[in-house]
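Peer 1: Residue 160 in the UniProt record's numbering is what sits at position 160 of the sequence shown, and the numbering runs on without skipping anything.
We put the CB at the ideal spot given by N, CA and C, even for glycine.
The following block contains the structure, expressed as structure tokens.
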Amino acid sequence: MERSLRGQRPGMENLDASAGGPGADRRPPGADAAAVEAAGRLTEALEIVECARGHLYAMHRLTGEADLKLDEVVTRLRAGGHEELAAGIEHSLVGRNVIEGRWTYQLVEEYDDGYYTHFRDAERTVREALLGGVRHVQESEMKERRRTAGVPGHEAGPPP
């Protein structure tokens, strides 16, 4: 089986990306390898930030869920005659800030409005400046290098 490894194997240098179908070649004219690599690395970094953001949202949801469970704990402690323990949890833990002055939704908002927004904007600015705004150029080229041309499941793009 011949793998589509543009520029990676002898005799493969002149591959016509358009022969692979839609999505086979996203690199804009004039974009060099260094630009593709730099933009690709920044996109990879943004994807890591997206994962971190997802974890932050998970922390937000889980912390909120745990706080709501405390109502049940307080109720059961009271039902069992443990008023002092129930009052202690209700007083010190129910509705408590996770960081001084902040609930988790405030952390999420500050992250989204600050670091995340700046990171996302920087990635878009670099991608627009170097690649005409085209997304995933580095990954589309990796796909083209790694797929086996002519084999089902290795198509360059979806059918027309």
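Assign Arg41 to one of three DSSP states: helix, strand, or coil.
Peer 2: Helix, per DSSP.
Peer 1: To the nearest angstrom, how far is it from the Cα of His154 to the Cα of Leu62?
Peer 2: Answer to the nearest angstrom: the Cα atoms are 40 Å apart.
Peer 1: Tell me the rounded alpha-carbon separation between Val74 and Gly88.
Peer 2: Spanning the two alpha carbons is a distance of roughly 9 Å.
Peer 1: Helix, strand or coil for Arg102, going by three-state DSSP, please let me know.
Peer 2: Of the three classes helix, strand and coil, the one that applies to Arg102 here is strand, per DSSP.
Peer 1: Go to Arg127, then tell me how far its alpha helix (DSSP H) extends in each direction, as first and last residue.
Peer 2: Element bounds for Arg127: 117 to 131.
Peer 1: Roughly how many angstroms separate the alpha carbons of Glu50 and Arg147, rounded to a whole number?
Peer 2: Approximately 27 Å, taken between the alpha carbons.
Peer 1: The alpha helix (DSSP H) that contains Gly157, what's its start and end?
Peer 2: Where Gly157 is concerned, there is no enclosing alpha helix (DSSP H), given that its DSSP letter is neither H nor E.
Peer 1: Nearest-angstrom Cα distance between Arg26 and Ser140?
Peer 2: Spanning the two alpha carbons is a distance of roughly 7 Å.
Peer 1: Could you tell me the alpha carbon to alpha carbon distance between Ala34 and Gly114, rounded to whole angstroms?
Peer 2: Those two C-alpha atoms are separated by around 29 Å.
Peer 1: So, for Val137: in the same chain, excluding its five sequence neighbours on each side, which residues have a beta-carbon less than 6 Å away from its beta-carbon?
Peer 2: Cβ within range, chain order: Arg26, Arg27, Val36, Leu131.
Peer 1: Got a sec, what are the start and stop residues for the alpha helix (DSSP H) Gly88 sits in?
Peer 2: Counting along the chain, the alpha helix (DSSP H) containing Gly88 begins and ends at 83 to 92.
Peer 1: Taking Glu109 as the reference, give the member of Tyr57, Glu123, Val98, Ser92 with the closest Cα.
Peer 2: Nearest C-alpha to Glu109: Tyr57.
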